[in-house]
């Protein structure tokens with residue numbers, strides 16, 4: 001288990017323990033973190049689990065696939081730190097990571 | 001006679017013909033509403049099915065949720081390009097033969113989609129909400145009571161047409177032209193809407209001329225918040241060819257019209273077919289938020305999208321050849337028991353109601369999905385405010401559209417009791 005902190009757009013914090021090997025999206029959905037919709041269920045096909053990752057954590061994440069890059073371009077207000085939570089698997093090296101949720105997933 | 005025997009006795013027995021002869025694209029099955037057992041047989045026996053003699057030529061039918069998802073997420077293999085066939089089972093986007101961004105591959109698709117998407121951004125939707133609510137309210141307040149009327153005409157068409165006119169900042173008194181152009185764009189001769197493809201193209205050209213006039217007015221004016229102005233002032237779109245301009249317009253007209261219109265009608269019909277759900281809704285209007293995506297799954301207002309294989313590939317164990325037409329039947333995937341629990345029941349409080357295929361997935365996922373949902377939400381909020389204690393009653397059979405693409409209604413007789 002690794003601790004991941006989600007910060008909603010309005011500042012509300014959610015600290016969630018996620019089993020290693022599960023995606024950040026799965027951890028958010030299982031723990032009822034609001035603001036992660038995940039319409040496609042983790043297939044990297046809808047961009048409704050958009051998160052913003054701080055630079056110091058961004059470099060520890062695996063590179064984006066072409067599909068993730070394309071989908072993020074169509075998400076509202078993408079930034080340098082934009083990722084899809086379904087594409088990031090939790091592992092001990094991500095323990096303590098903080099991610100920020102956008103105002104809306106659409 | 002048992003129900004199964006009755007089913008097999010009828011003229012519409014999918015098990016009475018060889019598997020290879022099944023052609024689920026026959027628009028008559030959608031009009032007559034005899035489509036379900038055919039899709040059920042394909043899902044069970046041949047989920048990726050080759051039909052050599054389809055009404056619209058040879059094609060593959062993809063009928064299960066997971067296989068559809070695979071096609072959706074493999075846009076490098078399965079192309080949407082109009083030049084290769086486009087996005088409908090009829091080549092050239094329902095024979096329009098016009099380019100539009102839904103029927104393009106990256107990178108051009110990406111540039112054009114990004115131009116249009118700000119109109120449905122969360123901030124813009126919030127701005128539109130009060131306008132939509134006011135218009136819904138006026139339409140509902142104007143409805144007759146204790147009298148049977150056509151819900152499609154009085155509510156679904158009127159509301160979606162008003163919305164479209166708002167998005168385009170279209171001359172208000174001419175707004176029904178938008179409804180007509182939307183119907184014409186997807187129509188097949190024989191549907192009662194058009195008699196020939198010549199007639200279709202003549203009306204489409206009329207639409208093009210009308211919008212060219214609006215474009216010319218707006219390209220020379222200050223940038224505005226309507227779609228025409230946004231396109232006219234965008235780097236990615238202002239140099240479109242006349243064909244591309246017309247194609248993208250029709251995409252937005254159809255995308256913002258038929259789909260929402262038929263979901264507004266389909267929702268009322270579903271609630272009448274499942275009166276326990278209607279009761280549950282009246283007791284707890286907060287369920288509107290999970291009911292709206294369920295209506296969109298249940299209705300599946302666009303029954304399919306089509307792709308064309310760019311290379312040989314394998315899908316569900318079948319070898320698909322470069323150039324083959326591949327049809328993703330959303331209408332079938334949305335009833336796939338392996339992906340959706342109790343798929344043949346309309347349930348307004350599902351745990352994950354947005355897990356449906358009606359908007360598509362991948363890079364072509366519906367750009368206006370949240371606008372469509374918002375319109376449905378407001379319609380039902382306003383209906384329940386006005387008639388909290390009793391249902392709006394369906395008084396007879398709906399008349400369904402002759403199309404295997406637009407799954408919709410021409411009429412639905414209903415009555416509101418005072």
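Chains as they are written, first to last, in UniProt numbering: chain W, 1 to 106; chain F, 1 to 418. Built from N, CA and C at the ideal position, the CB exists for glycine as well.
Can you look up residue 202/F in the DSSP assignment and give me helix, strand or coil? As a working mapping, residue 202/F is identified with position 202 in the second chain. The answer is helix: DSSP assigns residue 202/F an H, G or I state.
Could you tell me which of 152/F, 99/F, 59/F, 285/F sits nearest to residue 247/F, measuring between CA atoms? Counting from 1 along the second chain, the entry for residue 247/F is found at position 247. Nearest in C-alpha terms to residue 247/F, of all of 152/F, 99/F, 59/F, 285/F, is 99/F.
Cβ neighbour criterion (16 or more within 10 Å) applied to residue 314/F: Within the second chain, residue 314/F is the residue found at index 314, counting from 1. Around the C-beta of residue 314/F, fewer than 16 other C-beta atoms lie within 10 Å, and the residue is accordingly described as exposed.
Would you identify the three-state DSSP class for residue 412/F, choosing helix, strand or coil? For the purposes of this step, residue 412/F is taken as residue 412 along the second chain, with counting starting at 1. Correct three-state label for residue 412/F: coil.
First through last residue of the beta strand (DSSP E) which encompasses residue 84/W: As a position in the first chain, residue 84/W is number 84, starting the count at 1. 82-84 is the extent of the beta strand (DSSP E) around residue 84/W.
Inter-residue Cα distance where the pair is residue 88/W and residue 110/F: For the purposes of this step, residue 88/W is taken as the residue at position 88 of the first chain. For the purposes of this step, residue 110/F is taken as the residue at position 110 of the second chain. Whole-angstrom Cα-Cα distance: 24 Å.
Buried or exposed: residue 293/F, going by 16 or more other Cβ atoms within 10 Å of its Cβ? By 1-based counting over the second chain, the position of residue 293/F is 293. Label assigned to residue 293/F: buried.
With a threshold of 16 other CB atoms inside 10 Å of the CB of residue 93/W, please say whether the residue is buried or exposed. Taking the first chain and counting its residues from 1, one reaches residue 93/W at position 93. Answer is exposed; the Cβ neighbour count stays below 16.
Measure the C-alpha to C-alpha separation of residue 207/F and residue 4/W and round it to an integer number of angstroms. Here residue 207/F refers to the residue found at position 207 of the second chain. Here residue 4/W refers to the residue found at position 4 of the first chain. Rounded to the nearest angstrom, the gap between the Cα atoms of residue 207/F and residue 4/W is 53 Å.
Is the Cβ of residue 43/W closer than 7 Å to any Cβ of chain F? Numbered from 1 along the first chain, position 43 holds the residue referred to as residue 43/W. Output row for residue 43/W: interface = yes.
Element boundaries [beta strand (DSSP E), containing residue 405/F]: Residue numbering aside, residue 405/F sits at position 405 when the second chain is read from its first letter. Where residue 405/F is concerned, there is no enclosing beta strand (DSSP E), given that its DSSP letter is neither H nor E.
Return helix, strand or coil for residue 284/F, following the three-state DSSP convention. Looking up residue 284/F in the second chain gives position 284. Coil, per DSSP.
Spatial neighbours of residue 104/F within its chain, please: CB distance less than 8 Å, with the 5 preceding and 5 following residues excluded, ordered by chain position. Your numbering for residue 104/F matches position 104 in the second chain. So the qualifying residues of the chain are 80, 81, 82, 112.
Contiguous alpha helix (DSSP H) assignments of at least 4 residues, all confined to the region 129-200 of chain F: 158-168, 176-186
Could you pull out every unbroken alpha helix (DSSP H) segment of at least 4 residues lying fully inside the region 257-284 of chain F, listed in chain order? Counting whole runs of 4 or more residues, the region 257-284 of chain F contains the alpha helix (DSSP H) stretches 258-273, 275-283.
If the cut is a Cβ gap below 8 Å, which residues of chain W does residue 72/F touch? Locating residue 72/F in the second chain gives position 72, counting from the first residue. Residues of chain W passing the Cβ test: 45.
Can you list, in chain order, the stretches of the beta strand (DSSP E) that have 3 or more residues and sit fully within the region 56-103 of chain F? Segments of the beta strand (DSSP E) lying fully in the region 56-103 of chain F: 59-62.
Give a yes or no on whether the minimum CB-CB distance between residue 443/F and chain W is below 7 Å. The displayed coordinates of chain F run from 1 to 418. Any statement about residue 443/F would go beyond what the structure contains.
With a threshold of 6 Å on Cβ separation, who are the neighbours of residue 31/F within its own chain once the five nearest residues in sequence on each side are excluded? Taking the first residue of the second chain as 1, we reach residue 31/F at position 31. Only 400, 402 meet the Cβ criterion.
Can you tell which of 7/W, 55/W, 83/W, 77/W has its C-alpha closest to the C-alpha of residue 67/W? Here residue 67/W is taken as the residue at index 67 of the first chain, counted from 1. That would be 83/W, whose Cα lies nearest to the Cα of residue 67/W.
Mark residue 25/W as exposed unless 16 or more other C-beta atoms lie within 10 angstroms of its C-beta, in which case mark it buried. For the purposes of this step, residue 25/W is identified with residue 25 of the first chain, where counting begins at 1. Burial is judged here by how many other beta carbons sit within 10 angstroms of a residue's own beta carbon; residue 25/W has at least 16 and is buried.
Inter-stretch contact at 8 Å, needing at least 3 Cβ pairs: the region 299-315 of chain F / the region 387-394 of chain F: Between the region 299-315 of chain F and the region 387-394 of chain F there are fewer than three C-beta pairs closer than 8 Å, too few to call the two in contact.
Give a yes or no on whether 7 Å exceeds the smallest Cβ distance from residue 69/F to chain W. Numbered from 1 along the second chain, position 69 holds the residue referred to as residue 69/F. Closer than 7 Å: yes.
If the cut is a Cβ gap below 9 Å, which residues of chain W does residue 114/F touch? The residue given as residue 114/F occupies position 114 in the second chain. In chain order: 73, 74.
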